[in-house]
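The structure under discussion appears below in the form of structure tokens.
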Amino acid sequence: MNSHRLTSDDIEVFSESISHFFATLTEERANVRSAYLLDEHKAPIVWDDFNGVITVQGSHVGSLTFSAPRALLSHVLLRMGEKQLSDDHHRDVVGEIANTLSGRVRRHFGDGLRISPPQSFSGQSQRVEKLARSAAYAIPLRWKHYEANLVVHLDVA
Amino acid sequence: MIVDDSMVIRNRIERLCADGRLPHLSVVGRAADGVQAVEVARRERPDLVTMDLTMPHMDGEECIEALAGLLPETRILVVSALSDKLTALRAIGKGAHGFLHKPFNDDQLVEAMLELMP
């Protein structure tokens, strides 16, 4: 497997995907900031209250993780009309956000990108299996006054 | 009938079906994967199905093919995050009748469902 860093165009696709998600679902854009490389020896440093993980195979190998605080996800659930705000609902929606962000990205990388159903977990109770060799990128975002991150960890297969 | 592995999405679509904008529709079943969907569809014989594609056990494409063989009159609206053209064409080829990309707003879903209403 080649160790291949994502290009700025690739990163832009993830950033646009985040913007599109919040604009469509909540009619309020997220402020997506510059991506930065994570130090693999210190990871996971951005794992938040809830994490949704998509495993990627095919033309690229690795994972996408949407990591967000409970308050952001509660607000998204309310915008979706959800009345129940249990841990199960938060785990479900964080996985659904990861799934939605990854779907748009496949249009950029091509049909050879195979995307798993999301897995979700709370806090640092579980580690994401390291499938890619290159360093991961964190793409920080702010929606309303909440901070969250999309962590992109992908190699070209 | 609503098929999606996300409970939150199933709830959201069900609420939209009940809010008066789709007066001729009522939800007859929900399923979290393709295997459940085939069981529920066999029992309830829905007129319209909203279908996710990325699901565990049996994915949406397989499920569409199964439903198209089992209930050829049932209209299938794919509601998926997979937004590439080839995926949409493949789903239509398996027997789906429409495609709505996630994320969607309420108006987009209602419009897509109205277009496929029997």
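Protein chains in written order, with the numbering used here: chain F, -3 to 153; chain P, 48 to 165.
A virtual CB, placed ideally from N, CA and C, is assigned to each residue, including glycine.
None of the values given here were measured: they were computed from a predicted structure.
Short Cβ contact (7 Å threshold) for E112 (chain P) with K141 (chain P): Annotated as proximal: E112 (chain P) and K141 (chain P), with beta-carbon spacing under 7 Å.
Within 7 Å, strictly: CB atoms of I49 (chain P) and R90 (chain P): With contacts defined by Cβ atoms closer than 7 Å, I49 (chain P) and R90 (chain P) do not form a contacting pair.
Exposure of K149 (chain P), with buried meaning 16 or more beta-carbon neighbours within 10 Å: Classification of K149 (chain P): buried, given that the 10 Å Cβ count is 16 or more.
Meets three-Cβ-pair contact criterion under 8 Å: the segment 82 to 100 of chain F and the segment 13 to 21 of chain F: The segment 82 to 100 of chain F is in contact with the segment 13 to 21 of chain F.
Start and end residues, beta strand (DSSP E) containing H16 (chain F): Where H16 (chain F) is concerned, there is no enclosing beta strand (DSSP E), although the alpha helix (DSSP H) it sits in stretches over 4 to 22.
Nearest-angstrom Cβ-Cβ length linking V148 (chain F) and A131 (chain F), presumed shorter than 8 Å: Contact between V148 (chain F) and A131 (chain F) fails: their C-beta atoms lie close to 10 Å from each other, not under 8 Å.
Cβ contact check for the segment 72 to 87 of chain F and the segment 50 to 60 of chain P: 3 or more pairs under 8 Å: Cβ pair count under 8 Å is three or more, so yes.
Under 7 Å between C-beta atoms of A64 (chain F) and D44 (chain F): One thing to note: A64 (chain F) has its Cβ within 7 Å of the Cβ of D44 (chain F).
Residue-level contact to chain F via CB, R77 (chain P), 7 Å cutoff: No - not a single Cβ of chain F is within 7 Å of the one on R77 (chain P).
Simplified DSSP assignment, three categories, for G91 (chain F): The three-state secondary structure of G91 (chain F), taken from DSSP, is helix.
Residues that DSSP places opposite A65 (chain P) in a beta bridge: None; A65 (chain P) has no bridge partner.
I50 (chain F) vs I135 (chain F) beta-carbon contact at 7 Å: Not a contact, by the Cβ cut-off of 7 Å.
Test: P113 (chain F) CB closer than 7 Å to a CB of chain P: Output row for P113 (chain F): interface = yes.
Cut-off 8 Å between Cβ atoms - residues of its own chain near D137 (chain P), not counting five sequence neighbours on either side: Asp is not the amino acid found at residue 137 (chain P); the sequence shown has Arg there. Excluding positions up to five away in sequence, the list reads E108.
Cβ-based neighbour list, H104 (chain F), same chain, cut-off 6 Å, excluding 5 preceding and 5 following: Result list for H104 (chain F): V9, in chain order.
First and last residue of the uninterrupted alpha helix (DSSP H) at T134 (chain P): Counting along the chain, T134 (chain P) sits inside the alpha helix (DSSP H) bounded by residues 132 to 141.
Nearest to E162 (chain P) (by Cα), restricted to the options P:T101, P:V55, P:D94: Out of P:T101, P:V55, P:D94, P:D94 has the C-alpha closest to the C-alpha of E162 (chain P).
Cβ of D135 (chain P) within 7 Å of any chain F Cβ: The question names Asp, but residue 135 (chain P) is Ala in the sequence shown. By this cut-off, A135 (chain P) is not an interface position.
CB contact below 7 Å: A128 (chain P) versus chain F: Yes, its Cβ sits closer than 7 Å to a Cβ of chain F.
Chain P residues whose Cβ lies nearer than 9 Å to that of N27 (chain F): None at all; the shortest Cβ gap to chain P is about 18 Å.
G58 (chain F): contacting residues in chain P (beta-carbon distance under 8 Å): For a Cβ distance threshold of 8 Å, nothing in chain P lies close to G58 (chain F): the least Cβ distance comes to about 17 Å.
Beta-carbon contacts of H144 (chain P) that lie in its chain and below 6 Å, excluding the five residues immediately before and after: Here the set comprises R122, I123, L163.
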